[in-house]
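Engineer: The structure follows.
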Amino acid sequence: MNVIKKYFYVLICLILLVIGCLFMMSHQSQDFYSYLIQDISKRDRHFETIEKVKYQDGLYFIVYQDNQARSHLLIYENVHNLWMDNYQFWGESSSSKDIDTFNYADSHQAMVVVYGKNKQNASQYSFVNNGKVYKKEMNDSYILDIYMLEGSSCHIADWTLYDQNHQIIQN
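Quick note: this note's numbering has the sequence shown finishing at residue 171, numbered continuously throughout.
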């Protein structure tokens with residue numbers, strides 16, 4: 001009789017384990033891209049296409065375009081809990097300029113995000129932060145560059161776009 005009780009308890013434990021595994025599998029994280037499309041569609045009824053996605057320092061940076069040819073930047077934080085990943089809206093920026101910047105600073109970090117559609121075929125951009133010059137060659141139609149800066153200043157000066165002949169382009 002004692003042996004039957006042991007098998008019964010083992011069987012109950014196995015059943016509970018299987019039920020727990022099935023529960024965890026049914027509550028796995030949603031695929032980020034399907035979540036992203038749903039969330040952007042709710043936020044912007046003019047949403048058209050996602051152009052670029054980058055992941056850096058626990059944040060997803062997304063550039064998308066609406067049907068009015070404006071570029072938008074969305075930032076989501078990847079939040080881990082015990083069982084799954086969730087995505088939490090972190091920030092956004094929209095611009096009527098072809099290429100623009102998003103600046104953020106708090107006491108822990110500073111960042112500059114350069115984003116947009118390179119309609120003017122700029123070949124390079126540059127800006128200055130705390131006396132340091134940042135330059136980048138561009139060879140893509142959509143720009144999404146993320147700069148995590150030292151200190152807590154995200155103020156940028158001398159934001160400039162250049163063409164192939166290194167002439168300044170008005171943005």
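All C-beta atoms in this analysis are idealised placements derived from N, C-alpha and C, irrespective of residue type, glycine included.
Bear in mind the structure is a predicted one, so any value in this text is a computation, not a measurement.
1) Would you say H46 touches the ligand HEM, meaning its beta carbon is less than 7 Å from a heavy atom?
2) Kindly indicate which three-state DSSP category N81 falls into: helix, strand or coil?
3) Given this structure, state the Cα-to-Cα distance separating Q170 from F32, to the nearest angstrom.
4) Skipping 5 residues on each side, what residues in its chain have a beta carbon closer than 7 Å to that of W90?
5) If you follow the alpha helix (DSSP H) that I37 is part of, which residue opens it and which one closes it?
6) By the three-class DSSP mapping on this structure, what secondary structure does K97 have?
7) Give the DSSP bridge partners of V10, in chain order.
8) Consult DSSP for G131 and reduce its assignment to one of helix, strand or coil.
9) For G116, does the count of other Cβ atoms within 10 angstroms reach 16, so buried, or fall short, so exposed?
10) Based on the DSSP output, what are the partners of Q48 in its beta bridges?
11) Would you kindly check if the distance between the Cβ of V133 and the Cβ of S126 is under 8 Å?
12) Rounded to whole angstroms, what is the Cα-Cα separation between W159 and V18?
13) Going by DSSP, what residue range makes up the beta strand (DSSP E) through A122?
Structural biologist: Per the coordinate set shown:
1) Of the ligands one can find in the structure shown there are none, so the ligand HEM has no counterpart to examine.
2) DSSP places N81 in coil when its eight states are reduced to three.
3) Distance between the alpha carbons of Q170 and F32: 36 Å.
4) Correct list, in chain order: L59, I75, Y76 and E77.
5) That run of the alpha helix (DSSP H) goes F32 to R43.
6) Correct three-state label for K97: coil.
7) DSSP, once it has assigned bridges, lists no residue as partnering V10.
8) Coil, per DSSP.
9) Counting Cβ neighbours within 10 Å, G116 comes out buried, since at least 16 surround it.
10) First, the residue type needs correcting, since residue 48 is Glu and not Gln in the sequence shown. Answer is none; E48 lacks a bridge partner.
11) For the 8 Å CB-CB criterion, S126 and V133 form a contact.
12) Between W159 and V18, the C-alpha separation is close to 58 Å.
13) Where A122 is concerned, there is no enclosing beta strand (DSSP E), given that its DSSP letter is neither H nor E.
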